[in-house]
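Trainee:
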Amino acid sequence: MAEFLVIVESPAKAKTIERYLGKKYKVKASMGHVRDLPKSQMGVEVSEGYSPKYITIRGKGPVLKELKTAAKKAKKIYLAADPDREGEAIAWHLAHTLDVDITSDCRVVFNEITKDAIKESFKHPRAINMDLVDAQQARRILDRLVGYNISPLLWKKVKKGLSAGRVQSVAVRLIIEREKEIKAFIPEEYWSIRGDFVKNKEVIEADFYGIDGRKSELKTIDDVNAVRSKLDGNTFTIASVNKRERKRNPAVPFITSSLQQEAARKLNFRAKKTMMLAQQLYEGIDLGKEGTVGLITYMRTDSTRISDTAKQEAADYISSTFGKEYLATEQKVSKKNQNSQDAHEGVRPTSSNRTPAEIKEFLSRDQLRLYKLIWERFIASQMAPAIMDTMTVDMENNGVIFRATGSKIKFPGFMKVYVEGNDDQDEEKDRILPPLEEGEKVVLKDIDQNQHFTQPPPRYSEARLVKTLEESGIGRPSTYAPTLDTIQKRGYVALDNKRFIPTELGEIVFNLVMEFFPEIIDLDFTAKMETSLDAVEDGNVDWVRIIDEFYQGFEKRLEKAEKEMQEIEIKDEPAGEDCEKCEHEMVYKMGRYGKFMACSNFPECRHTKAIVKDIGVDCPNCEKGRIIERKSKKRRIFYGCDQYPGCEFLSWDKPIARKCPKCESLLVEKKLKKGIQVQCVSCDYKEDQQK
Numbered sequence: 001m002a003e004f005l006v007i008v009e010s011p012a013k014a015k016t017i018e019r020y021l022g023k024k025y026k027v028k029a030s031m032g033h034v035r036d037l038p039k040s041q042m043g044v045e046v047s048e049g050y051s052p053k054y055i056t057i058r059g060k061g062p063v064l065k066e067l068k069t070a071a072k073k074a075k076k077i078y079l080a081a082d083p084d085r086e087g088e089a090i091a092w093h094l095a096h097t098l099d100v101d102i103t104s105d106c107r108v109v110f111n112e113i114t115k116d117a118i119k120e121s122f123k124h125p126r127a128i129n130m131d132l133v134d135a136q137q138a139r140r141i142l143d144r145l146v147g148y149n150i151s152p153l154l155w156k157k158v159k160k161g162l163s164a165g166r167v168q169s170v171a172v173r174l175i176i177e178r179e180k181e182i183k184a185f186i187p188e189e190y191w192s193i194r195g196d197f198v199k200n201k202e203v204i205e206a207d208f209y210g211i212d213g214r215k216s217e218l219k220t221i222d223d224v225n226a227v228r229s230k231l232d233g234n235t236f237t238i239a240s241v242n243k244r245e246r247k248r249n250p251a252v253p254f255i256t257s258s259l260q261q262e263a264a265r266k267l268n269f270r271a272k273k274t275m276m277l278a279q280q281l282y283e284g285i286d287l288g289k290e291g292t293v294g295l296i297t298y299m300r301t302d303s304t305r306i307s308d309t310a311k312q313e314a315a316d317y318i319s320s321t322f323g324k325e326y327l328a329t330e331q332k333v334s335k336k337n338q339n340s341q342d343a344h345e346g347v348r349p350t351s352s353n354r355t356p357a358e359i360k361e362f363l364s365r366d367q368l369r370l371y372k373l374i375w376e377r378f379i380a381s382q383m384a385p386a387i388m389d390t391m392t393v394d395m396e397n398n399g400v401i402f403r404a405t406g407s408k409i410k411f412p413g414f415m416k417v418y419v420e421g422n423d424d425q426d427e428e429k430d431r432i433l434p435p436l437e438e439g440e441k442v443v444l445k446d447i448d449q450n451q452h453f454t455q456p457p458p459r460y461s462e463a464r465l466v467k468t469l470e471e472s473g474i475g476r477p478s479t480y481a482p483t484l485d486t487i488q489k490r491g492y493v494a495l496d497n498k499r500f501i502p503t504e505l506g507e508i509v510f511n512l513v514m515e516f517f518p519e520i521i522d523l524d525f526t527a528k529m530e531t532s533l534d535a536v537e538d539g540n541v542d543w544v545r546i547i548d549e550f551y552q553g554f555e556k557r558l559e560k561a562e563k564e565m566q567e568i569e570i571k572d573e574p575a576g577e578d579c580e581k582c583e584h585e586m587v588y589k590m591g592r593y594g595k596f597m598a599c600s601n602f603p604e605c606r607h608t609k610a611i612v613k614d615i616g617v618d619c620p621n622c623e624k625g626r627i628i629e630r631k632s633k634k635r636r637i638f639y640g641c642d643q644y645p646g647c648e649f650l651s652w653d654k655p656i657a658r659k660c661p662k663c664e665s666l667l668v669e670k671k672l673k674k675g676i677q678v679q680c681v682s683c684d685y686k687e688d689q690q691k
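In the UniProt record's numbering, the protein residues as written are 1 to 691.
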């Protein structure tokens, strides 16, 4: 019979750990939290020092009964929830429920679920850290005070089902303010000139740089004409050749936010999906004869620190696989975020020797893709820098300078394994220039000028929003994915082509919160609150004081809002057409993903219809159809004929109202990694890419 009871959160984690500990240990799962604040009421006694009123979570009765029965039979109980605030709170709640002394050595923590890590952690049990528990309680109570006071007010003044949380309100604010920037943006014209220069039959591409040694901007066609008129023939002289060697360092191991960002860029994963898959890899995967093994370290972390053991194993793998020259001689230390707690290691594989190829058969497609990303990033982080040979050449004619740049990978280093994605620039590629010397002559063979317009700032993708929240000190590793999920479920924002756009409902709620509770959506205030919660975790500040300082001002604003906030009726707007089923008038209604059309005879008639957006292009397949914008079940935009199903024209790329000048076929806007390019669907015609 087992002498020791170990309690973790999930069955998968329990199965993995029990195999490592042996017969004396019985490992059971609590299935997450067992106690929480009640859903039906505030659950916080403000007058009694913000005392929380915890109750057993509905449906957890059978789980608790099983844990209590096992606890009575055990000589000792170990609480082994995740190694963060949330995990510490789960352990504390379990200790309270099972009558475990929180000052005893009952708490066990580990950063990875491997045999060595588990066995080592059980050699060093500790008491429950009440500073961590208090930090989690403070966040939970703070969010409850905000949500359970503002939300009923919004229900009463606007519509049922609304909410306003601290972090989610800031996220919505960022999205709304970005949309305002985009709408207010005024494009500015600018031009570029590119020339093809020839030396010994080799073509060198170069761009206009400036005049008389100074960089010049081309704002109008007149500026372009002035440059071209200044040229004296087609012969240019090589004015300068600058060659240098440049090092490029690898990216540091993943933290939670960078993992979510890179998975979005490279794998097209939503933040929620990334964290779900990472949880599976952390808790353990059945590897056949090897059994169930945790494949990565804990995935909720804001630290890039790596253990010496992991570094040594990675070094051995790199030396034996690529050679010693690929091994980093010194470790790059990343600039630590001022809000980083450095509580854990970075996200890494539990063994460098467990390559993605070796365990491919045991993983689902998406598990493998994420594991490969984590494994490659970590291995690359321990490798030598890449060395690039770069070359910059200035070519001059009568004071007019064209500049050509080239680079060549001299030594790939970490790039042999992995190169970090980037939202703003292309990955490094070889751009080789021929040997050139100062004073040599080159001939301008062809010259091309192009008009451009500056572009507004881009809408937030999930990756950009997570990055902005992190840089602003808003939220913590565990909050990013649920925050993005919540603002979409509430209908405050929607995803359009993987970019966030605010809904009318989101703007209404934002404006009300901004008017009556400005501190809730103030970035500096929210960031300072996160810092205060970190101070509670460090044992430097009393959590009650933090809550009280906030609530004193908040309570006064709440009273004012109750009296002065006007009721807002979201009226149904006439859609200008009749219902196809009952001939009553159709109206516009506000839904989770924005506006849609519905019959005004609801609930007798439940007919609904999507709002059709005509893009002003005739259908190329039929004579009478028009191309309209549609959305797939996964909310991806595509374009089809309004005569469907009679006409089955479909395009994922947006058609435009011009025909191909070469073959008269349809032209579409092709979205590439760094811009949009107009292309023909039938021939090889392409126009210059627009950023």
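C-beta: ideal position from N, C-alpha, C; glycine also.
What you are looking at is a predicted structure, and each value in this text was computed from that prediction instead of being measured.
#1: Taking just the CA atoms, how far does C647 sit from Q279?
#2: If you scan the region 212-281 from start to end, which runs of the beta strand (DSSP E) of 3 or more residues do you find wholly inside it?
#3: Starting from H607, follow its DSSP beta bridges and name the residues at the other end.
#4: In terms of residues, what are the limits of the beta strand (DSSP E) holding N397?
#5: So Q677 is in the beta strand (DSSP E); what residue range does that whole segment cover?
#6: Taking R228 as the reference, give the member of G399, M597 and C582 with the closest Cα.
#7: Using three-state DSSP, classify S10 as helix, strand or coil.
#8: Indicate whether I474 and A527 have their beta-carbon atoms separated by less than 8 Å.
#9: Measure the alpha-carbon distance for R35 versus G291 and round it to whole angstroms.
#10: Do L512 and L154 count as a contact pair if the criterion is CB distance below 8 Å?
#11: How should N111 be labelled, buried or exposed, when 16 other C-beta atoms within 10 angstroms of its C-beta is the threshold for buried?
#12: On the three-state DSSP scale, how would you describe I401?
#13: Going by C-alpha to C-alpha distance, which of I570, S682, K563 and H124 sits closest to G620?
#14: Assess contact between the region 272-286 and the region 253-264, defined as three or more Cβ pairs (one per stretch) separated by less than 8 Å. Is contact present?
#15: Should H124 be labelled buried (16 or more other beta-carbon atoms within 10 Å of its own) or exposed?
#16: Quick check on DSSP: helix, strand or coil for I182?
#17: Under 8 Å between the Cβ atoms of R126 and R107?
#18: Does the beta-carbon of K230 have 16 or more other beta-carbons within 10 angstroms, so that it is buried, or is it exposed?
#19: Output the boundary residues of the alpha helix (DSSP H) element that contains S192.
#20: Using the C-alpha atoms, what's the distance from W652 back to I285?
#21: Can you check whether the C-beta of D614 is within less than 8 Å of a C-beta belonging to chain C?
#22: Would V294 be called buried (16 or more neighbouring beta carbons within 10 Å of its own) or exposed?
#23: What residues match up with A206 in a beta bridge as DSSP calls it?
#24: Which one of C641, V612, R630 and I628 has the shortest CA to CA distance from C622?
#25: Should A314 and S352 be called a contact, given that it needs their Cβ atoms to be closer than 8 Å?
#26: Hey, out of K215, N242, S478 and P434, whose CA is closest to Q136's CA?
#27: The alpha helix (DSSP H) spanning R490 covers which residue range?
#28: In angstroms with no decimal places, state the Cα-to-Cα distance between K311 and L5.
#29: For the candidate residues R173, V46 and A494, whose alpha-carbon lies nearest to that of E555?
#30: Can you grab the Cα-Cα spacing for the pair T274 / F208, in whole Å?
#31: Rounded to a whole number of angstroms, what is the C-alpha to C-alpha distance between R630 and K589?
#32: I need the straight-line Cα distance from C150 to I113, nearest angstrom please.
#33: Nearest to residue 692 by CA position, among K215, L21 and T405, is which residue?
#34: Could you give the C-beta distance for K360 and D389, rounded to a whole number, given that I count them as a contact under 8 Å?
#35: State the DSSP-derived secondary structure class of N450, mapped to helix, strand or coil.
#36: Which residues bound the beta strand (DSSP E) around F510?
Mentor: Looking at the coordinates:
#1: 45 Å
#2: 235-248
#3: Per DSSP, none; premise fails for H607.
#4: A386 to N397
#5: G675 to C680
#6: G399
#7: coil
#8: yes
#9: 33 Å
#10: yes
#11: buried
#12: strand
#13: Per the sequence shown, residue 620 should be read as Pro rather than Gly. The shortest Cα separation from P620 among I570, S682, K563 and H124 belongs to S682.
#14: yes
#15: exposed
#16: helix
#17: yes
#18: exposed
#19: Taken as a continuous stretch (DSSP letters only), S192 belongs to no alpha helix (DSSP H), being part of the beta strand (DSSP E) at E189 to K199.
#20: 37 Å
#21: Absent from the structure: chain C. Only one protein chain is present.
#22: According to the sequence provided, residue 294 is Gly. The question's Val does not apply to it. Buried, because 16 or more other Cβ atoms sit within 10 Å of the Cβ of G294.
#23: G195
#24: C641
#25: yes
#26: S478
#27: That residue, R490, is in no alpha helix (DSSP H); it is neither H nor E in DSSP.
#28: 33 Å
#29: V46
#30: 44 Å
#31: 18 Å
#32: Note on identity: in this sequence residue 150 is Ile, with Cys being the wrong assignment. Spanning the two alpha carbons is a distance of roughly 41 Å.
#33: Any property of residue 692 remains undetermined from this structure, which presents the chain solely from 1 to 691.
#34: In fact, because the Cβ distance is near 36 Å, the residues do not count as touching under 8 Å.
#35: strand
#36: First-last for F510: E504 to F516, but that is the alpha helix (DSSP H), not the beta strand (DSSP E).
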